[in-house]
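Reading the sequence shown from the start, the letters are residues 53 to 256 in the working numbering.
Glycine included, C-beta positions come from ideal geometry on N, C-alpha and C.
Model, not experiment: these values are computed from the prediction.
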Amino acid sequence: MKKYTGIIMTASMVLTILISNALSFVDDGRRLDELRGSVLRLHILANSDNEEDQRLKLCVRDALLEQSGELFACADSLEEAEAAAEAELHEIERIARETLESQGSSQTVTAKLVDMHFDERFYDGLTMPAGDYKALRVELGEAEGHNWWCVMYPPLCLPAACRVTINKTAEEAHFDKKELDIMYRPKKYRIRFAVWDKLKRLFD
53 MKKYTGIIMT
63 ASMVLTILIS
73 NALSFVDDGR
83 RLDELRGSVL
93 RLHILANSDN
103 EEDQRLKLCV
113 RDALLEQSGE
123 LFACADSLEE
133 AEAAAEAELH
143 EIERIARETL
153 ESQGSSQTVT
163 AKLVDMHFDE
173 RFYDGLTMPA
183 GDYKALRVEL
193 GEAEGHNWWC
203 VMYPPLCLPA
213 ACRVTINKTA
223 EEAHFDKKEL
233 DIMYRPKKYR
243 IRFAVWDKLK
253 RLFD
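Dropping the structure here:
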C-alpha cells in the first residue's frame with residue numbers, strides 16, 4: 053500500500069510540475085505576442101551597399117529619428133502610432149528626400165507601412181525577438197543595400213553623435229518588467245519562443 057501511495061504522490065508531483073511549466077510556457081508565449089504587437093519598427097533600406105549610399109542611409113535615419121518623438125507624441129498604442137505614421141507618410145518621404153538633397157543626392161524615397169518578418173535583432177544591449185511586426189519601411193533609391201532597423205514607436209532610438217542610443221525613459225514608460233526581461237535576457241526565452249512559434253503555425 054505504501055508503495056502505491058508513494059507512486060501516486062510522485063506522479064502527482066510530476067504532473068503538477070508539468071502543468072506549472074506548461075502554464076509558464078503559454079504565458080511567456082502570449083507575452084511575446086503582446087510585445088510584437090505593441091511596437092512599430094523602423095526599417096530603412098539603402099540604395100546599395102557602397103560607402104556613400106550607406107552614409108546617406110544613416111543621414112536619413114538621424115533625420116527621421118529626430119522627428120519620431122513629435123510624430124508619435126499623442127500615440128498611446130500601436131494602433132494610434134500606425135494611424136499617425138499612415139497620415140504622415142508623405143511628410144516622412146519629404147524629410148528623407150530633403151535630407152538626401154542636402155547631401156547632393158537625387159535618390160527617390162518611398163515610405164510605407166508593412167507587415168514583415170524580422171530575425172532576432174540586437175541594438176545597444178536590447179534584443180527584439182524574431183517574428184512578424186508592423187514596420188515603417190523607408191526605401192531609398194533601388195533599396196538593394198544593407199538595411200538599418202530600430203523601434204520607432206515607442207521612440208526608443210535616439211541619434212547621438214555618430215551612433216544611436218536607446219531612450220531609457222520611453223523604454224521604461226512603455227514596457228513592463230516581463231517585457232524588459234524578454235528584451236535584455238533573450239537566451240532565457242529563445243528556445244521557448246521558437247517552440248511557441250512552431251506550435252502556433254501548426255494550429256493556424
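Asked                                                                               : Found
For LYS240 and ILE147, the rounded distance between their alpha carbons             : 40 Å
Extent of the continuous beta strand (DSSP E) to which GLY183 belongs               : 183 to 192
Beta-carbon proximity of LEU117 to LEU97, cut-off 9 Å                               : no
Residues bridged to HIS95 (per DSSP)                                                : ARG189 and TRP201
VAL216 and ASP114 closer than 9 Å at C-beta                                         : yes
ASP228: first and last residue of the uninterrupted alpha helix (DSSP H) it sits in : Note, ASP228: premise wrong, no alpha helix (DSSP H); not H, not E.
Paired residues, beta bridge with LYS164 - DSSP                                     : ARG189
Whether ALA125 touches LEU141 by CB criterion (9 Å)                                 : no
ALA213 versus ASN219 - alpha carbon distance                                        : Note that ALA213 scores 49 on pLDDT, short of 50, meaning its location in the model is unreliable; the coordinates nonetheless yield the value given after this. So the two alpha carbons sit approximately 14 Å from each other.
Beta-carbon spacing of ASP105, GLY197 below 9 Å                                     : yes
Backbone CA spacing between GLY177 and LEU123 [nearest angstrom]                    : 25 Å
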